[in-house]
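J.: So that we are looking at the same thing, I have put the structure below in structure tokens.
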Amino acid sequence: MEFINSFKQKIRSRREKEVGRGSPASATTEQISTLAPVSAAAPAKLPSERPGPSDPLSRGRPQSPSRPESPSHPPTTLSIRPADQPSVSGTPSTSESLDLWKLAYDKFRTEAAQDLLVGYNTHVLGNAAADTDLSSRDSIEKALDNLLTNRENRQWKVHILGRDINIRAQFERLTKILQWSDPLVKSTIITQTYAALAWSGVSLLLPLLTSGTTQNEEMLEGFSSIGELQKFWQIQEKISFQSEHQDHYQVVIEPLIELYSLFFAYQAHVICHLTKTQLSRAWGDLSSPELWRSKTEDINKQSKNCCRLIGVSRESEIQENRDGLLQAIQKQQESTERHIRNEQEENLLGDLAEAAGDYERYKDLNPKRVPGTCEWFLKDERFHKWRDGATSSLIWVSAGPGRGKSVLSKCLLDENQLATTTITITTPSNEPATSKQSTVCYFFFKDGGDGRMDSAQALCALLHQLFTCPSTSRLIEYALESHRNHQKTLTNKASELWRILLACATSRGSGDIICVIDALDECRNESGQELIKSLKGLYSQSPRLSTDDSKLKFLVTSRPYDNLESSFRKFPEAVYLRFDGDDKSEEIQKEIDLVIDSIVPDLTSGFTDQNQQKISERLKSMEHRTYLWLHLTFDIIKKSPSEYGRALDIEILLSSLPSQVSDAYEKILSRSKDQSWTRIILQIILAATRPLTLDEANVALALAIRKNEPESHSKLKLELWLGKNFKSTVMNLCGLFVSVYDSKLSFIHQTAREFLTDSEPEGTWKGSFNMAQSHHPLLQSCIFYLSFPDIDVFHPPFDLIDDIDGRIKSYGSTEYPFLVYAAKNWPLHFVSQNAADANAFRIQARTLCSATGHQRDVWAPYYFEEYPNSTFDDWKVWPDLTLASYLGLYEAVEDILSKEKPNVNLATEIGRTPLASAITQGHESVVKLLLDNGANMKEQENDGRPPLSLAVWIGQEAVVEVLLKEGANIDAQDRYGWTALSLAARSGQEAAVELLLNNGADIEAKDRFGMTPLSLAACSGQEAVVKLLLKKGADIEAQDFEGQTPLSLAAGYGKWANLWTMLRGFVAIVKLLLEEGAAMETQDHSGQTPLSLATEKGHTAIIELLLNKGKESKLSLSQSISA
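If you're matching positions, the sequence shown starts at 1266 in this note's numbering and goes up one per residue.
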């Protein structure tokens, strides 16, 4: 009652001042007691009249106001000043500007226990706490000034003590909240002191986490949630209380004061808990995660209630001034989007760049054209018509290997042969003309390129160029939502990347986009055919993709393989043009003759003119001459010019020149003076996951040629080639077969790799290599290197400021040049080799997984830094069997199970079992082996997720099939009540949803919130899954335990609304559900309809959609009645 009486007195004093200044109306005690009357039907109610315990964080949702206003006087309307806005003089006589945060703090101070207040004051005020408290604005201003000064004078380093990845995630959330709150605190210390105090919560918290205190994840989760709610309500105050219709929102004032007081109470308890202040147990056991979780849920409930009241009020405002409010909502939403857009874009561009690799380098690996070459294409009228045409279309340039396709592609790009400029002259003629240049993007599939060299990598490169080009950078907006949904895994999803590219190309004003895809035949796996299929789908509907201001054109080069030719032949003739370089062989050979005339004089400068003429004529007489053949032949000639000093020698040279590329390869490799070493270096290059640097290859070769393991890293240094000697060694062993560019090794051409692995062996080298066998020497190098006892373990400081990843990589590459590659790739080389070869290193593989040895600490930090599915240091506590299962080391797992008899179901601290580890990485054979040895399919991780659900959640469909065949319970639930089908629906895995339904999954299974798979898909924005579930007969009107239907959830942005989901589009799902007959007027248990939920979130498109659908329904009913 003290808070209420104090509050009444403050309002009474303010009203008395107004009367003293000549206010036309005097206020009665009853009116002053009325906090926020809105109408006769819904007047406000005093906080003291609301039932509930005194503990501010124990209260549930406040009741609706219910006191009739006085009939003799108009209602008193209290004006709310948004917390980050300065106060203004000249308060209107009929309203009073309230500081909600000051009232909230007074409420907290009145209801909090004395020991809590003292502890909180002491920490905030420091030395000044003895003679003052936080009821004084001056004392708070000084304390916050000191806090900001300390922040600026030194950086905080927060050491993360827990091993759980969720702890790290909470710190990342807290730092983002800090970045938001700092500028607000600085600008509002004086004008809105108590708001600044609340917003300084993270600044008060972070220094306490450096002292080694054990962090409670649930406590940090609650603190982070409060920070995000503060961000949300700062925005809502701007939207609602600055509106000219703010009188509609008076009903929110009392619940919002309650919410803000809960913020203060939670922050105070956290701070006192971390400073080890002795508190009474009235609040509960502060060491209990359940307590923090419960208090956070209470705060979220109160926030949702305020949101509900905002939504109801806004719906009323919409009816009064719909257009104006929609514009205001849209304006604020745009401001919110801009606030977080920069960070989203930066993360997306970073992920695309990493996946795309050094695409400019792949282009520059090719030589420049000799003047006069490539003219067979550049001067062709068909090329000009395609480039300058007004429709979206495709050119396929096909030719055999070595005919200069990649040189042509490089020429088109470097010489700006593809760009066109469109000049638009508008009427009337006095308006300026506008010009727009086409945007050109490219990707060269290269054997010497980093990364996967598949269609997803190519699309990442195209999008990265599109989004970083100034004229098309705005198109990045078409990728942001998908990146939010998929995060870094977006870069692996070719179909989704293709959808984004099409969305960019078809957007208005995108201009002409020209994409060059070079050497499509070198695209790995089957993704090349998938890309062609996507291209066919694109150009089958090209009229829709060609507008006055946007077109999408592709130029693709490849060899004329039958499967590619068959695929391209199915393209519509109107949009497809083939350039067959082999049909232009006569022209190409004439251009090769130009190259011969240009280079031979310099190459054979020591020869007589007559001999130079003989060599030129001999080269020009070769029937199947190509650029690659010529390049290799020139290399053979220039290797030993001194050998051709006599006329007889010239005749020998001319007769021994290779007639085709394979002959040249054979001749080059046969020159090696140590063919066993040559074979090993070629195996290393074949098996490497990326081009090795010279330093890495130096170590790899030195270890691969050894018969036994060296004693130490220091002694290995004596066996390495010094300085530039190693490059010379590689050239002597492999000749021009291997190229060195940017200090990295790769084959000179894709045909070199094909030559080694050809299915029809011929001669000494052709077809003599097997990929599985090639992994063995590189695996030996990796295992020998990681077994050195004198490689120091890197111990990075786990803080939020230093670049841990960068420091680790730098440490590995400088001190131990082969460490990073060996650590990241030894498991892959182990599982990729022949089973017989795997037996040779199964003991070493087992040792590398041992938690008791030195070796695991050497390699694991680098390996797990590469794989975000696991935490950075979680591996330190994994049992050996768990780690071996995670890596997919079948032989090591088999040895551990058979020889050591461990507990096959032993779980780590976060509940990770060997079976769960194998599932997350998709190791089907290891999953089957563990099940055969007693692994329990009912065993759940700490989140209660059964193995089948885990496989679905991670997206391992092949493992899902294995588990289903082994009898997994298809409807088993995790701690949230989610089945495998629920998780598949929520995460948008359409194929998994269909697989589970076909195996009998319950389509109406409800989780602990009463949500069905359809509800989860609807509130998660998964349109394709919603469509599939409706097709399979899912109940469109199923209600969760809050009474919300799939339509309500989609209209209200889902069950877990926050700043991120505010930006997500659910329009398509709402439209789909309405088309399928979803009821619009269904109310949930709070009385909210889909429309009121949509207005609460401010989604103008959904509001318009629902209102228009309502009009259609009324019109249809009216017409039916009239008939």
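Using N, Cα and C, we set each Cβ at its ideal position, and we do this for glycine too.
1. Quick one: residues in its chain with C-beta nearer than 8 Å to the C-beta of Leu1412, no 5 flanking neighbours on either side, listed in chain order?
2. Checking 8 Å against the spacing of the C-beta atoms, do Lys2258 and Ala2250 come in under that value?
3. For Lys1982, does the three-state DSSP call read helix, strand or coil?
4. Under DSSP, the beta strand (DSSP E) around Asp1783 begins and ends at which residues?
5. From Ala1759 to Tyr1385, what distance separates their C-alpha atoms?
6. Run the CB neighbour count on Val2217, radius 10 Å, all protein chains shown included, and call it buried at 16 or more, exposed below.
7. Closer than 6 Å by C-beta to Leu1900: which residues in its own chain qualify, once you throw out the five before and the five after it? Chain order, please.
8. At what residues does the alpha helix (DSSP H) containing Ile1950 begin and finish?
9. Provide the residue span of the beta strand (DSSP E) that contains Val1662, from first to last.
10. Could you give the DSSP three-state label for Leu1365: helix, strand or coil?
11. Spatial neighbours of Ser1745 within its chain, please: C-beta separation below 6 Å, excluding the five flanking residues on both sides.
12. Going by DSSP, what residues sit across from Ser1832 in a beta bridge?
13. Please work out which residues of its chain come closer than 6 Å, Cβ to Cβ, to Arg1402, disregarding the five sequence neighbours upstream and downstream, and give them in chain order.
14. DSSP has Thr1822 in a bridge; who is on the other side?
15. Should Glu2027 be labelled buried (16 or more other beta-carbon atoms within 10 Å of its own) or exposed?
16. Please name the residue in His1538, Val1389, Ser2004, Leu1365 whose C-alpha comes closest to that of Gln1495.
17. So what's Cys1639 in DSSP terms, helix, strand or just coil?
18. Could you check where the alpha helix (DSSP H) with Leu1998 kicks off and where it finishes?
19. By the three-class DSSP mapping on this structure, what secondary structure does Gly1325 have?
20. Can you list, in chain order, the residues of its chain whose CB lies under 7 Å from that of Leu1922, leaving out five sequence neighbours each side?
21. Mark Pro1448 as exposed unless 16 or more other C-beta atoms lie within 10 angstroms of its C-beta, in which case mark it buried.
22. Under three-state DSSP, which class holds Arg1717?
23. Skipping 5 residues on each side, what residues in its chain have a beta carbon closer than 8 Å to that of Trp1894?
24. Ignore the nearest five residues each way along the sequence and tell me which others in Ser2313's own chain have a CB closer than 8 Å to its CB.
25. Going by C-alpha distance, which of Leu2196, Ile2219, Leu2248, Asp2239 is nearest Lys2230?
26. So for Tyr2006, helix, strand or coil by DSSP?
27. Tell me the DSSP secondary structure of Cys1676 in three-state form.
28. Reducing DSSP to helix, strand and coil, say where Pro2062 ends up.
29. Please list, in chain order, all residues of the same chain as Asp1858 whose beta carbon is under 8 Å from its beta carbon, the five residues on each side excluded.
30. Assign Asp1653 to buried or exposed, taking buried as 16 or more other Cβ atoms, counted over all protein chains shown, within 10 Å of its Cβ.
31. Residues bridged to Asp1845 by DSSP?
32. Counting only the same chain and skipping the five closest in sequence on each side, list residues whose C-beta sits under 7 Å from that of Trp1557.
33. State buried or exposed for Asp1845, treating a residue as buried only when at least 16 other CB atoms are found within 10 Å of its CB.
34. Quick one: using the 10 Å Cβ neighbour count with 16 as the cut-off for buried, is Ser1738 buried or exposed?
35. Kindly indicate which three-state DSSP category Leu1630 falls into: helix, strand or coil?
36. To which residues of the same chain is Leu2370 closer than 7 Å at the C-beta, ignoring the five residues directly before and after it?
T.: Quick answer:
1. In the sequence shown, the residue the question calls residue 1412 occupies position 147. The answer, listed in chain order, is Ser1465, Ser1468, Leu1469.
2. Residue numbering aside, residue 2258 sits at position 993 when the sequence shown is read from its first letter. Residue numbering aside, residue 2250 sits at position 985 when the sequence shown is read from its first letter. Note that residue 2258 is Val in the sequence shown, not Lys. Result yes, Cβ atoms of Val2258 and Ala2250 sit closer than 8 Å.
3. Within the sequence shown, residue 1982 is the residue found at index 717, counting from 1. Lys1982 falls in the helix class under three-state DSSP.
4. Here residue 1783 refers to the residue found at position 518 of the sequence shown. First-last of the beta strand (DSSP E) with Asp1783: 1776-1783.
5. Position 494 of the sequence shown, counted from the first residue, corresponds to residue 1759. Position 120 of the sequence shown, counted from the first residue, corresponds to residue 1385. One C-alpha to the other measures close to 53 Å.
6. By 1-based counting over the sequence shown, the position of residue 2217 is 952. That one is buried.
7. For the purposes of this step, residue 1900 is taken as the residue at position 635 of the sequence shown. Leu is not the amino acid found at residue 1900; the sequence shown has Asp there. The residues Leu2001, in chain order, have a CB closer than 6 Å to that of Asp1900 in the same chain once the five nearest residues on each side in sequence are set aside.
8. Numbered from 1 along the sequence shown, position 685 holds the residue referred to as residue 1950. Per DSSP, Ile1950 belongs to the alpha helix (DSSP H) from 1940-1952.
9. Working through the sequence shown from its first residue, we reach residue 1662 at position 397. Per DSSP, Val1662 belongs to the beta strand (DSSP E) from 1659-1663.
10. Taking the sequence shown and counting its residues from 1, one reaches residue 1365 at position 100. Correct three-state label for Leu1365: helix.
11. Stepping through the sequence shown from its first residue, residue 1745 is reached at position 480. Here residue 1745 turns out to be Leu, not Ser, going by the sequence shown. Within the same chain, and ignoring the five residues on either side of Leu1745 in sequence, the residues whose Cβ sits closer than 6 Å to its Cβ are Gln1609.
12. Numbered from 1 along the sequence shown, position 567 holds the residue referred to as residue 1832. Per DSSP, none; premise fails for Ser1832.
13. Locating residue 1402 in the sequence shown gives position 137, where the first residue counts as 1. Its chain contains Thr1458 as the residues whose beta carbon lies nearer than 6 Å to that of Arg1402, once the 5 sequence neighbours on both sides are disregarded; these appear in chain order.
14. Residue numbering aside, residue 1822 sits at position 557 when the sequence shown is read from its first letter. DSSP output for Thr1822 lists Val1662 as bridge partner(s).
15. Within the sequence shown, residue 2027 is the residue found at index 762, counting from 1. Burial call: exposed.
16. What you label residue 1495 is simply residue 230 of the sequence shown in a count that begins at 1. When each option's Cα is compared against that of Gln1495, the closest is Leu1365.
17. Locating residue 1639 in the sequence shown gives position 374, where the first residue counts as 1. In the structure shown, Cys1639 sits in coil (DSSP, three-state: anything other than H, G, I, E or B).
18. Here residue 1998 refers to the residue found at position 733 of the sequence shown. Note, Leu1998: alpha helix (DSSP H), 1990-1999.
19. Along the sequence shown, one-based indexing puts residue 1325 at 60. Annotation note: pLDDT 33 at Gly1325 (below 50); position unreliable, coordinate value reported separately. Correct three-state label for Gly1325: coil.
20. Looking up residue 1922 in the sequence shown gives position 657. So the qualifying residues of the chain are Arg1883, Thr1898.
21. Position 183 of the sequence shown, counted from the start, is the residue given in the question as residue 1448. Label assigned to Pro1448: exposed.
22. Translated into the one-based positions of the sequence shown, residue 1717 becomes position 452. DSSP places Arg1717 outside both helix and strand once states are collapsed to three, so it counts as coil.
23. Position 629 of the sequence shown, counted from the first residue, corresponds to residue 1894. Excluding positions up to five away in sequence, the list reads Gly1667, Met1887, Pro1923, Gln1925, Val1926, Ala1929.
24. Within the sequence shown, the letter at position 1048 stands for residue 2313. Excluding positions up to five away in sequence, the list reads Thr2347, Asp2349, Gln2353, Thr2354, Pro2355, Leu2358.
25. Here the question's residue 2230 lines up with position 965 in the sequence shown. It is Leu2196 whose Cα lies nearest to the Cα of Lys2230.
26. Counting from one through the sequence shown, the residue named residue 2006 turns up at place 741. It is a strand residue.
27. Walking along the sequence shown from the start, residue 1676 turns up at place 411. DSSP places Cys1676 in helix when its eight states are reduced to three.
28. Position 797 of the sequence shown, counted from the start, is the residue given in the question as residue 2062. Low confidence applies to Pro2062: its pLDDT is 43, below 50, so where it sits in the model is not reliable, and the reading given next is rough at best. In the three-state scheme derived from DSSP, where H, G and I count as helix and E and B as strand, Pro2062 is classed as coil.
29. For the purposes of this step, residue 1858 is identified with residue 593 of the sequence shown, where counting begins at 1. Answer for Asp1858: Lys1885, listed in chain order.
30. Within the sequence shown, residue 1653 is the residue found at index 388, counting from 1. Exposed, since its Cβ has fewer than 16 Cβ neighbours within 10 Å.
31. Here the question's residue 1845 lines up with position 580 in the sequence shown. DSSP output for Asp1845 lists Ser1663 as bridge partner(s).
32. Taking the first residue of the sequence shown as 1, we reach residue 1557 at position 292. Closer than 7 Å at Cβ, skipping near neighbours: Asn1481, Glu1483, Met1484, Gly1487.
33. Within the sequence shown, residue 1845 is the residue found at index 580, counting from 1. Around the C-beta of Asp1845, fewer than 16 other C-beta atoms lie within 10 Å, and the residue is accordingly described as exposed.
34. Taking the first residue of the sequence shown as 1, we reach residue 1738 at position 473. It counts as exposed.
35. Reading the sequence shown from its first residue, position 365 is the one you call residue 1630. DSSP places Leu1630 in coil when its eight states are reduced to three.
36. Working through the sequence shown from its first residue, we reach residue 2370 at position 1105. By the criterion of a C-beta distance shorter than 7 Å, Leu2370 is surrounded in its chain by Val2332, Val2335, Lys2336, once the five residues flanking it on both sides are discounted.
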